[in-house]
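Respectively, the protein sequence lines represent chains A and B.
Numbering of the first sequence is given in the numbering used here, commencing with residue 635 and proceeding in unit increments.
Numbering of the second sequence is given in the numbering used here, commencing with residue 635 and proceeding in unit increments.
What follows is a short report on a single structure.
There are 2 protein chains.
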Amino acid sequence: MKFICEKSMLQEAISNVQKAITGKSTMPVLQGILLDARNGEVTLIGSDIDLSIEAKITADVMEDGSVVLDSKLFGEIIRKLPNSAVEISSDENNSIKIVCQKSYATIIHMDSEDYPSLPDIIENMVFSISQKLLKNMMKGTIFAVAQDETRPILTGVLFEIKNKKLNLVALDGYRVAFRSEPVDNDSSINAVIPGKTLSEVSKILEETDEVVNITFTPNHILFNLGKTKVISRLLEGEFIKYSSIIPEEYNLKITAKRSELLNCIERASLMAKEGNTNLVKFNIEEDNMIITSNSQLGKAREEINIILQGEPLQIAFNSKYLIELLKIMDEEEIVMEFSSGVNPCVVRNKEKDNCTYMVLPVRIRATNN
Amino acid sequence: MKFICEKSMLQEAISNVQKAITGKSTMPVLQGILLDARNGEVTLIGSDIDLSIEAKITADVMEDGSVVLDSKLFGEIIRKLPNSAVEISSDENNSIKIVCQKSYATIIHMDSEDYPSLPDIIENMVFSISQKLLKNMMKGTIFAVAQDETRPILTGVLFEIKNKKLNLVALDGYRVAFRSEPVDNDSSINAVIPGKTLSEVSKILEETDEVVNITFTPNHILFNLGKTKVISRLLEGEFIKYSSIIPEEYNLKITAKRSELLNCIERASLMAKEGNTNLVKFNIEEDNMIITSNSQLGKAREEINIILQGEPLQIAFNSKYLIELLKIMDEEEIVMEFSSGVNPCVVRNKEKDNCTYMVLPVRIRATNN
Chain A
635 MKFICEKSML QEAISNVQKA ITGKSTMPVL QGILLDARNG EVTLIGSDID
685 LSIEAKITAD VMEDGSVVLD SKLFGEIIRK LPNSAVEISS DENNSIKIVC
735 QKSYATIIHM DSEDYPSLPD IIENMVFSIS QKLLKNMMKG TIFAVAQDET
785 RPILTGVLFE IKNKKLNLVA LDGYRVAFRS EPVDNDSSIN AVIPGKTLSE
835 VSKILEETDE VVNITFTPNH ILFNLGKTKV ISRLLEGEFI KYSSIIPEEY
885 NLKITAKRSE LLNCIERASL MAKEGNTNLV KFNIEEDNMI ITSNSQLGKA
935 REEINIILQG EPLQIAFNSK YLIELLKIMD EEEIVMEFSS GVNPCVVRNK
985 EKDNCTYMVL PVRIRATNN
Chain B
635 MKFICEKSML QEAISNVQKA ITGKSTMPVL QGILLDARNG EVTLIGSDID
685 LSIEAKITAD VMEDGSVVLD SKLFGEIIRK LPNSAVEISS DENNSIKIVC
735 QKSYATIIHM DSEDYPSLPD IIENMVFSIS QKLLKNMMKG TIFAVAQDET
785 RPILTGVLFE IKNKKLNLVA LDGYRVAFRS EPVDNDSSIN AVIPGKTLSE
835 VSKILEETDE VVNITFTPNH ILFNLGKTKV ISRLLEGEFI KYSSIIPEEY
885 NLKITAKRSE LLNCIERASL MAKEGNTNLV KFNIEEDNMI ITSNSQLGKA
935 REEINIILQG EPLQIAFNSK YLIELLKIMD EEEIVMEFSS GVNPCVVRNK
985 EKDNCTYMVL PVRIRATNN
């Protein structure tokens, strides 16, 4: 193997494929990056079996070949090189030589034949969506996946195409995060992607209007970003029928400024850290909402202007869930819909109808304060 | 106690005094910040006995008084308040009330009488130096203090005033860091400040030409920055006679570009991580220096242009020590002076004569490669 390529391109490709290398695999070869040089390009692959990332760069290939190089060492060597052309070639004794200007390094390589082959996916049933938009949808749902493995399917995010809409859904028994965007696609798709791999994918997606092409197979999803391809295993099993959980009707509805509400809840939650309950109480009144918390640390009372449609209500929440979703929403005004003090609360943007969040309240004993 | 002050000023004062609160003290009251309101100002104090920081802010004091508040909780509450006036007042049941716009918080306070008193220092023998300059001198020496406690005096930085110069010196048995600046002061002072407290002081010093006034007592040093005062305990004992360690003569001397040399050593050191030796070899030739390393991971060879005065030499170093000092120096060109392959190497700026670094080489068996 022998090729010459640009340091900056190689560094970017390495940094992308490294996102799949978790170091948790028991196969030593998966600590490495597979390099395959032929036909004027070099393909780099990083994988932990569940997630595989492939990046291609153009190169001047003088001799075809493939090797596996320790991901960390190879990445650090390339990163510290000057911004210039890098020559990588096979050397004696199972090693490869890296030359850049006056820098020479020789490192041992592993055998590329030991590297597992990626699932072979034919990209014929493709749908496309803007990278920026998908990245935003992922960010808006991943935080709500279940952290414990009691129900493995809930550690993933549902990708659903239905009625020309792409829906992403995550839920963990205490809350639901639902994001939806129209797509020009008639297929009906239902796949659950592990939350961990999805958060790596979201790091690779760029804040650009350029599209990512997505292909589903029974066991995998492929994100094709042009020079980079990401393949994730799907979770097996049926996702929960989320639509039956989210209440469609409500008795009262408030409109509030998102960042103001977030600040009030964050301040009140400082007193609610005790015993990890994070309990904050909402006292919804005409034009006003009082948020209180109370613990051995002290007491907090916050007041925020709201617009109320319906009757006053008292309700309590684990502030953590509200803080997480209010941080992720991006509209200035939000709407919260309530049925009673023990029924779920639904949070939406005031203007755009592209997200629905649901949070379960915490039951509290009725008091007079 | 009752006063009103600006949130931003209070937050800055809290963040400064918190730098002294390590949470390692066994006295619960030292987890707190002492607030003392009187005469139109509020004094805040944080301390772990070794290091005490006092910050004063102007306030509208309606009722004198003093309390101790949990540093973390109080700090977080203030930080999350809107940028506005904050009213802090004593409340019933050993608690204080914090009011800002529509936010109310009540937190328990500790008794200010339990708070240890700070050493009483009369600021009559003062010398002054620009904050920026002192901060830079600290940064240029602290990294070289001894990390282990075998010789406690070496965990500190020597502050020495001699011949109208302020010298800061740190050494750990493998290297010496020496910074010197002229000061308009005739006194003769010799004090050793714990490295840990000094690194907190350096965070408080600002990148400004405004001066800091420094007072020494037999057991303490006081840094007076106007609104903030920092008092550190001194280490007991004699510092090592550093001047006899730093060689004044040399047989050969090279001049090199600092950042280029740093990059070469960093790249070579990637192969030298094994067994924590960080061993890199320098082969100093006419016009050229070859830096090599060699381990089971692989080999590296770097070449850098130099100007050599004297005879060629082979010498080896623990790259960690050279990397740390080259990162901290700020001139473009540096000079290294050598006597032999087993004698210390001295590193200086090429132009400015304000720093001297010394590093011991690692003895290696002579080889022919």
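Virtual Cβ for every residue (Gly too), placed ideally from N, Cα, C.
These figures come from a predicted structure and were not determined experimentally.
Exercise. Of all the CB atoms in chain B, is at least one closer than 7 Å to the CB of Glu-937 of chain A?
Worked result: As a first step, residue 937 of chain A is located in the first sequence; it is residue number 303 there, counting from the start. At least one chain B Cβ lies under 7 Å of Glu-937 of chain A.
For this session: Note down, one range per segment and in chain order, each beta strand (DSSP E) of at least 3 residues found wholly within the segment 664 to 713 of chain A.
Result: 666 to 672, 675 to 681, 685 to 692, 694 to 697, 699 to 704
Exercise. Can you give the Cα-Cα distance for Val-996 of chain B and Glu-883 of chain B, rounded to whole angstroms?
Worked result: For the purposes of this step, residue 996 of chain B is identified with residue 362 of the second sequence, where counting begins at 1. For the purposes of this step, residue 883 of chain B is identified with residue 249 of the second sequence, where counting begins at 1. C-alpha separation (whole angstroms): 20 Å.
Problem set entry | 8 Å Cβ cut-off: residues of chain B touching Arg-901 of chain A | Working through the first sequence from its first residue, we reach residue 901 of chain A at position 267. Ile-711, Lys-714, Leu-715, Ser-737, Ala-739, listed in chain order.
For this session: Verify the CB distance criterion: does Ser-973 of chain B have a CB-CB separation below 7 Å to chain A?
Result: For the purposes of this step, residue 973 of chain B is identified with residue 339 of the second sequence, where counting begins at 1. Taking Cβ atoms only, chain A never reaches closer than 7 Å to Ser-973 of chain B, which makes this a no.
Exercise. Ile-823 of chain B: which of B:Phe-873, B:Glu-900, B:Ala-902, B:Thr-911 sits nearest, CA to CA?
Worked result: Here residue 823 of chain B refers to the residue found at position 189 when the second sequence is read from its first residue. Of the listed residues, the one whose Cα sits closest to Ile-823 of chain B is B:Phe-873.
Exercise. In the DSSP assignment, what residue or residues form a beta bridge with Gln-948 of chain B?
Worked result: Here residue 948 of chain B refers to the residue found at position 314 of the second sequence. Answer is B:Asn-917.
Exercise. In terms of residues, what are the limits of the beta strand (DSSP E) holding Ile-848 of chain A?
Worked result: Residue mapping note: residue 848 of chain A aligns to position 214 of the first sequence, counting from 1. Taken as a continuous stretch (DSSP letters only), the beta strand (DSSP E) holding Ile-848 of chain A covers 845 to 850.
Exercise. Is Lys-769 of chain B near the ligand HEM, in the sense that its beta carbon is under 6 Å from a heavy atom of that ligand?
Worked result: Questions concerning the ligand HEM fall outside what the structure shown contains, since it holds no ligand whatsoever.
Problem set entry | Own chain, CB closer than 8 Å to Val-695 of chain B, minus 5 neighbours either side, in chain order | Along the second sequence, read from residue 1 onward, the residue named residue 695 of chain B stands at position 61. Lys-636, Phe-637, Ala-671, Arg-672, Asn-673, Gly-674, Glu-675, Val-676.
Exercise. Between which two residues does the beta strand (DSSP E) containing Ser-929 of chain B stretch?
Worked result: Here residue 929 of chain B corresponds to residue number 295 of the second sequence, with the count starting at 1. Note, Ser-929 of chain B: beta strand (DSSP E), 922 to 929.
Exercise. DSSP on Gln-645 of chain B, reduced to helix/strand/coil?
Worked result: The residue labelled residue 645 of chain B in the question sits at position 11 within the second sequence. Of the three classes helix, strand and coil, the one that applies to Gln-645 of chain B here is helix, per DSSP.
Exercise. Where does Ile-941 of chain B land, buried or exposed, given buried means 16+ other C-beta within 10 angstroms?
Worked result: Position 307 of the second sequence, counted from the start, is the residue given in the question as residue 941 of chain B. Exposed.
For this session: Please report the Cβ distance between Leu-960 of chain A and Val-993 of chain A, rounded to the nearest whole angstrom; I am assuming they are in contact, meaning their Cβ atoms lie under 8 Å.
Result: On the first sequence, position 326 is the one that residue 960 of chain A refers to. On the first sequence, position 359 is the one that residue 993 of chain A refers to. Not a contact, Cβ separation roughly 10 Å.
For this session: Starting from the Cα of Ile-899 of chain A, find the closest Cα among A:Leu-913, A:Asp-964, A:Ala-780 and give me that residue.
Result: Here the question's residue 899 of chain A lines up with position 265 in the first sequence. Minimum Cα distance to Ile-899 of chain A is reached at A:Leu-913.
For this session: Compute the distance between the beta-carbons of Leu-678 of chain A and Ala-654 of chain A, then report whether it is under 7 Å.
Result: Here the question's residue 678 of chain A lines up with position 44 in the first sequence. Here the question's residue 654 of chain A lines up with position 20 in the first sequence. No, Cβ-Cβ distance for Leu-678 of chain A and Ala-654 of chain A is not below 7 Å.
Exercise. Met-759 of chain A by DSSP, collapsed to three states: which one?
Worked result: Against the first sequence, residue 759 of chain A aligns to sequence position 125. Coil at Met-759 of chain A, not helix or strand.
Exercise. Assuming Gly-1006 of chain A and Asp-698 of chain A make a contact with CB atoms under 8 Å, what is their CB distance in whole Å?
Worked result: Outside the shown range of chain A (635 to 1003) lies residue 1006 of chain A, about which nothing can therefore be said.
For this session: Measure from the C-beta of Asn-1003 of chain A to each C-beta in chain B and report whether the shortest distance is under 7 Å.
Result: Within the first sequence, numbered from 1, the residue matching residue 1003 of chain A stands at position 369. At Asn-1003 of chain A the pLDDT is 43, less than 50, meaning the model places this residue with poor confidence; the figure from the coordinates comes in the next sentence. For Asn-1003 of chain A, the answer is no, since every Cβ of chain B falls outside 7 Å of its Cβ.
Problem set entry | Same chain, Cβ closer than 7 Å to Gly-790 of chain A, neighbours up to 5 away in sequence not counted | Indexing the first sequence from 1 puts residue 790 of chain A at position 156. Closer than 7 Å at Cβ, skipping near neighbours: Val-779, Val-826, Ile-827, Pro-828, Gly-829, Leu-869.
Exercise. Taking the C-alpha atoms as reference points, what is the distance between Ile-722 of chain A and Leu-669 of chain A?
Worked result: In the first sequence, the residue the question calls residue 722 of chain A occupies position 88. In the first sequence, the residue the question calls residue 669 of chain A occupies position 35. Distance between the alpha carbons of Ile-722 of chain A and Leu-669 of chain A is about 10 Å.
For this session: Could you check what DSSP says for Leu-767 of chain A in three-state terms: helix, strand or coil?
Result: Position 133 of the first sequence, counted from the start, is the residue given in the question as residue 767 of chain A. Leu-767 of chain A falls in the helix class under three-state DSSP.
Exercise. Mapping DSSP to helix, strand and coil, what is Pro-816 of chain B?
Worked result: Within the second sequence, residue 816 of chain B is the residue found at index 182, counting from 1. It is a strand residue.
For this session: Would you mind working out which of B:Asp-748, B:Ser-746, B:Asn-728, B:Tyr-749 sits nearest Thr-740 of chain B, comparing C-alpha positions?
Result: Within the second sequence, residue 740 of chain B is the residue found at index 106, counting from 1. Selected option, being the one with the closest Cα: B:Asn-728.
Problem set entry | Residue from A:Ile-879, A:Thr-849, A:Tyr-876 whose Cα sits closest to the Cα of Arg-867 of chain A | The sequence position of residue 867 of chain A within the first sequence is 233, counting from 1. Cα-wise, what sits closest to Arg-867 of chain A is A:Thr-849.
Exercise. DSSP state of Gly-618 of chain A, grouped into three classes?
Worked result: Only positions 635 to 1003 of chain A appear in this structure, which leaves residue 618 of chain A out of reach.
For this session: For the beta strand (DSSP E) holding Tyr-738 of chain A, just list the boundary residues, first then last.
Result: Within the first sequence, numbered from 1, the residue matching residue 738 of chain A stands at position 104. That run of the beta strand (DSSP E) goes 737 to 742.
Problem set entry | Local conformation of Asn-977 of chain A per DSSP, three classes | Numbered from its first residue, the first sequence carries residue 977 of chain A at position 343. Correct three-state label for Asn-977 of chain A: coil.
Exercise. Which partner residues does Met-970 of chain A have in the DSSP bridge list?
Worked result: Locating residue 970 of chain A in the first sequence gives position 336, where the first residue counts as 1. Its beta-bridge partners are A:Ile-888, A:Val-981.
Exercise. Given 8 Å as the limit, is there contact between the segment 835 to 852 of chain B and the segment 936 to 955 of chain B, that is, 3 or more CB pairs closer than that?
Worked result: no
For this session: Give me whichever residues DSSP pairs with Arg-935 of chain A in a beta bridge.
Result: For the purposes of this step, residue 935 of chain A is taken as the residue at position 301 of the first sequence. DSSP, once it has assigned bridges, lists A:Thr-926, B:Tyr-738 as partnering Arg-935 of chain A.
Exercise. Does the beta-carbon distance from Ile-613 of chain B to Ala-950 of chain B come in below 7 Å?
Worked result: What is shown of chain B runs 635 to 1003, which leaves residue 613 of chain B out entirely.
Exercise. Taking Cβ-Cβ distances shorter than 8 Å, what residues in chain B pair up with Gly-666 of chain A?
Worked result: Locating residue 666 of chain A in the first sequence gives position 32, where the first residue counts as 1. Correct list: empty, because the minimum Cβ distance to chain B is about 13 Å.
For this session: Could you name the residues that DSSP lists as bridge partners for Asn-1005 of chain A?
Result: Outside the displayed range of chain A (635 to 1003) lies residue 1005 of chain A, so it cannot be described from this structure.
Exercise. What are the residues that DSSP puts in a beta bridge with Asp-719 of chain B?
Worked result: Start at 1 with the first residue of the second sequence, and residue 719 of chain B comes out as number 85. Looking at the sequence provided, one finds Ala at residue 719 of chain B rather than Asp. In DSSP, Ala-719 of chain B forms a bridge with B:Glu-640.
Exercise. In chain A, which residues lie less than 9 Å from Met-905 of chain B when you measure between Cβ atoms?
Worked result: By one-based count along the second sequence, residue 905 of chain B stands at place 271. Simply Leu-707, Ile-711, Ala-739, Thr-740, Ile-741.
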